[in-house]
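K.L.:
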Amino acid sequence: MTSIGLQHYLLLAAALFCLGILTMTLKRNAIGILIGVELILNAANLNLVAFTRYRTGAIDGQIVAVFIILLAAAEAAIAIAIFMNFYNSLATIDVDRADQLQG
Amino acid sequence: MIDLDLALALGVLIPLISFTFLAFFGSKLPGIVPDAHGHDEHGHELPPDHLHKSDHSHAPAHDAGHGDHHHFPPKEKKPPGGNPLAGYIATAAIATSCLLATYVLVKWVGMAPGQRTAYAAEMAAKHTFHWADLGKLNLSVAVNLDSLTVIMFFMVTFVASWIHVFSLGYMAEDPRFHRFFTYLSLFCFAMLGLLISNSLLFLFIFWELVGLCSYFLIGFWFEKKSASNAAIKAFITNRVGDLGFIVGLMLVIFYLQDVSLAGATAKFRALADDPAAALFTQTFWGVNLATWMGIGLFCGAVGKSAQFPLHVWLPDAMEGPTPVSALIHAATMVAAGVYLVARIFGLLTPQAQFVIAVIGCITLGMTALIAAVQTDIKKVLAYSTLSQLGYMIFGMGVGAWVGALFHLLTHAFFKALLFLGSGQVIAGCHHEQDMRRMGGLRSKMPVTCWTFFLAVLAISGAGIPWSGFGIGGYHSKDEILVVAYHRAYKWFDEVHHSEHHSALSSSEAYAAEPAHGGDQKDSHTTASHGSGGHNSLGAIYPQVPPLPKWMFWIPVIIAYITPFYMTRCWILTFAGKPRDEHVHEHAHEKPIMWVPLVVLAIASVLCASIPFLTVRLLVADAAHTPEAHAPIDKLVGSRVSSLTPAVNGEELHDAHQALGWIVGFAFVAGMGLAWAIYRNGFGFANAIVKSNPLFRGIHTALMRRLYIDDLYNLVLVGGTHVIARLSAFLDKLLVDGLVNLVAALTRVFSSFTGRQLDMPIKAGDIGFVDAIVNGIANATRTVADLVRRPQSGRIRLYILTLAGVAALILASVAFWDQLEALPGRFKPADSKTKTQLSAAIAGGDSLASGAHRDQ
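So the sequence lines, in the order shown, correspond to chains A and W.
Position 52 of the first sequence, counting from 1, maps to 52 under my numbering, and the rest follow consecutively.
Position 157 of the second sequence, counting from 1, maps to 260 under my numbering, and the rest follow consecutively.
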């Protein structure tokens, strides 16, 4: 293992992705789920940047990554707004309690 | 300075701008006159019955028994309704157009005839806007710059300007003052646009637009049932004529493939030389299509210029305000029909020309007789307009192109003057139009009285025979009669003369004759074209039949009746003793209204007189334009008539001499007769009518407008009623019967199906439909129960499912090769790319090595 290559970045991203999935699945706290989402998004960012760097050399991936960061911020703002309302109506942010819409 | 055609185009656009402004802001303009009654700002929003209400409250004395008159209260009691600013804007707009027209006219007169043609060609090349190509039809927009357009443009703007000024006074008390001027501006735009159109298509568009304005303005006082009916009548009658115009236009487009005035004429002439041209060989009802085309286009003129079968709308149109009658229904719009015929003259075959002459002849004779018995001052003028239009159309028909247009122009001035004079009388007498209640107004309205008298002289064609001194119709109407005389009596002589002496050029013959009267100047301009014409004119004479003699004598007789009825009108209104003290007492003149009268009186004297022959000169010059003037040299043995400028009134010296004896003193006879009969009012005339049953019958027939309106009422209106009754009956019998039958059958059928197939009411019924419906509902419910189970609402479960499925897909892609290798599996064609992809994802080594290469 002489130098760090694409493979390493991909492995890191995969690990991050799995951790994110696990966080989303196991956490009952809404904030925790949000953190899991951020992990997944960043795993994707890492993949994009890594592929661009090692495969084409252009900056397309970086640009998309910046967009994703931006969207993640917006998404977090909206999600937290939803959680605020959730808390206001149920006095908790335990997502398992949010089952009124079940079929 | 500014190019002349652009100046004309600008002159057209200025009234449009004025119209647009007034249409949007006319009702919001601040009033200038302080408003004592608080009605000014919102005068236009008064309820429709406002006029009548105020009428009854203010002037009940006027109301009894005169349903035909405008019911307006005396002005001193009426709340001021109008907003003068709107009127000033419209007047300023048309005055600006008039200044532009004057500028163009002066420049144009300053050019030599050859120079004019060159200039017009140059301008046409410079300012033609290509609009569209429809198949082979090329539509382009340009200003039609020639002498006729220039002089007509000047006439319309000049007359319109002074009528606007007059309207400021006449309409001052009207609550819809601004709307009146809005319409007037729109009309000016349309009329001027019609004059500068260089193609039949645009001519038609503006043609419809002036018709629309006419409708608006006839029905301006739409509270009156008679006014709104008259507007509808005018519009529908014009539609009938325009149908013919459209048919003619379609024939032009189909066979000539060119709608421009000059282009269509050129194509038509080229086709006339072609023996196989469908336009001339195909016939419909035994008449070739070329003739139908001419007659079709002429139908438009019949409607707009109110010629014989469609003349019924014009007398009714007098329901509109008097300035409108002066501008639209006397001076300009109704003359547009004559203008149209002038423009399509090159498209007329001899047969079509003959039809035109017959129609004109019938109109001018019939309406002059009706005019002689009317008692409503505006109706007299309306029928006199019809008669004069008949003269113009007749002139066109006999080939007096120049004479007819010359008469159009002189008529515009003196007829506008007559109408404005009658407007002054009507306004001064509180909207009294009945001459039986007038008389003796001379002392109360001196200016109106004498300008009116001048116009009567002009329309009578007063002048000294053989001297060339006369006003108005003396020059123009006589020129038409000269040509008619020539066509009726000198035709065959000329034919023989020309056949034997075809070498004699007309310019020689012309020089041998002393030029008639003041037309000397003109002879130089016409000689140039005449020289090419007369040589071969003889060759086409046999193609064109001589005019029947009665068609010469009817206009001559009417030339005696015209002074009679006009003088009768003047005497009954202004001379003698007042027949109604009340009307006479209140009669008055307003300066803003008599100034236009004086101006128009001067204009109508000058426009035809010797030192001011500009009008006549320009019209004669316009006769050289291609669409007015078929090239005679080319037309040997052809099927196209080319009479136009060749039979120019002033060239026919002998005829002119003879005419001096025939109609030279007509105005003296007519006016003398009127004086003898009507000197003391209606008494003597009534006695004559009563003396003999024959007179009584004629009088009644004339009062009933020769029963033509009654006939239309019976046949068209009555026919419509009969058809409507019949349709209603058939509707009840057949359609209603059918519908009811179907309904009954349905009821029987449904009582069966309802019992037996649907709704199992009692055991033994089938209930087929219900079974299907219920089955579907049950199935839906079962499926829904199954589907809703996984929707637990637990987010973590959803995420887990999502991740699991994603992992499954990933795994299936990653291990595609192994799946592929399984026996009996479908093998995709492009497995290679899949292999690469799975390799790229599963094994990082190759990618890493690739990355190394990049570095």
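Just so it is clear, CB atoms sit at the ideal spot from N, CA and C, and this is done for glycine as well.
#1: Interface residues of chain A around L1024 of chain W at Cβ under 9 Å?
#2: Please report whether the beta-carbon of S915 of chain W lies at a distance below 8 Å from any beta-carbon of chain A.
#3: Confirm, please, whether the CB-CB distance from I21 of chain A to I40 of chain A is below 8 Å.
#4: Taking the CB atoms as reference points, tell me whether C402 of chain W and G468 of chain W lie closer together than 8 Å.
#5: With 8 Å set as the bound, which would you pick, yes or no: does the beta-carbon of D99 of chain A sit closer than that to a beta-carbon of chain W?
#6: According to DSSP, simplified to helix, strand and coil, what is L240 of chain W?
#7: Taking C-beta pairs closer than 9 Å, name the residues in chain A that R899 of chain W reaches, listed in chain order.
#8: Are there 16 or more other CB atoms within 10 angstroms of the CB of A471 of chain W, so buried, or fewer, so exposed?
#9: Should G840 of chain W be flagged as near chain A, meaning a C-beta pair shorter than 8 Å?
#10: Can you give the Cα-Cα distance for G633 of chain W and G821 of chain W, rounded to whole angstroms?
#11: Does the contact criterion of 3 or more C-beta pairs under 8 Å hold for the stretch 647 to 665 of chain W versus the stretch 452 to 467 of chain W?
#12: Can you tell me which of W:T394, W:K327, W:W388, W:I339 puts its alpha carbon nearest to the alpha carbon of L354 of chain W?
#13: Could you give the DSSP three-state label for I105 of chain W: helix, strand or coil?
#14: Taking only beta-carbon atoms, is A882 of chain W less than 8 Å away from chain A?
#15: Less than 8 Å between CB atoms is the rule here; does A126 of chain W satisfy it with respect to chain A?
#16: Does DSSP put P748 of chain W in a helix, in a strand, or in coil?
#17: If I measure Cβ to Cβ from M696 of chain W and keep anything under 8 Å in the same chain, skipping five residues before and after, which residues do I get?
#18: Helix or strand or just coil, what does DSSP make of W778 of chain W?
#19: I need the straight-line Cα distance from I105 of chain W to L125 of chain W, nearest angstrom please.
#20: Measure the C-alpha to C-alpha separation of T368 of chain W and A455 of chain W and round it to an integer number of angstroms.
#21: Please state whether the Cβ-Cβ distance between Y318 of chain W and A334 of chain W is less than 8 Å.
#22: Closest Cβ-Cβ distance between A906 of chain W and chain A: below 8 Å?
#23: From which residue to which residue does the alpha helix (DSSP H) around H802 of chain W run?
#24: Thinking C-alpha only, which one of W:T513, W:Y358, W:V390, W:F497 is nearest D377 of chain W?
#25: Tell me the rounded alpha-carbon separation between P426 of chain W and V444 of chain W.
#26: Given that a residue counts as buried once 16 or more other Cβ atoms are within 10 Å of its Cβ, and exposed if not, what is F122 of chain W?
#27: Take the Cβ of R891 of chain W as the centre, count every other Cβ of all protein chains shown within 10 Å, and call the residue buried at 16 or more, exposed below.
#28: To the nearest angstrom, report how far apart A112 of chain W and G296 of chain W are at their CA atoms.
#29: Hey, would you say A375 of chain W sits closer than 8 Å to I496 of chain W, going by beta carbons?
#30: Quick check on the burial criterion: 16 or more other C-beta atoms within 10 angstroms. Buried or exposed for G347 of chain W?
#31: Is it right to say N45 of chain A is buried, meaning 16 or more other beta carbons lie within 10 angstroms of its own, or is it exposed?
#32: So, A460 of chain W versus L584 of chain W, is the Cβ gap smaller than 8 Å?
P.N.:
Reading off the structure:
#1: Since the first residue of chain W shown is 104 and the last is 958, residue 1024 of chain W is not available in this structure.
#2: no
#3: yes
#4: no
#5: yes
#6: strand
#7: M24, T25, L26, K27, R28, I33, V95, D96
#8: buried
#9: no
#10: Unreliable positioning characterises G633 of chain W in this predicted model, as indicated by a pLDDT of 34, which lies under 50. A coordinate reading is not provided.
#11: yes
#12: W:T394
#13: coil
#14: no
#15: no
#16: Confidence is the limiting factor: at P748 of chain W the pLDDT is only 40, short of 50, which leaves the residue's position unreliable, though a coordinate-based value still follows. Helix, per DSSP.
#17: F269, G272, Y273, L523, G526, Q527, A530
#18: helix
#19: 28 Å
#20: 15 Å
#21: yes
#22: yes
#23: 796 to 806
#24: W:Y358
#25: 26 Å
#26: buried
#27: exposed
#28: 8 Å
#29: no
#30: buried
#31: buried
#32: no
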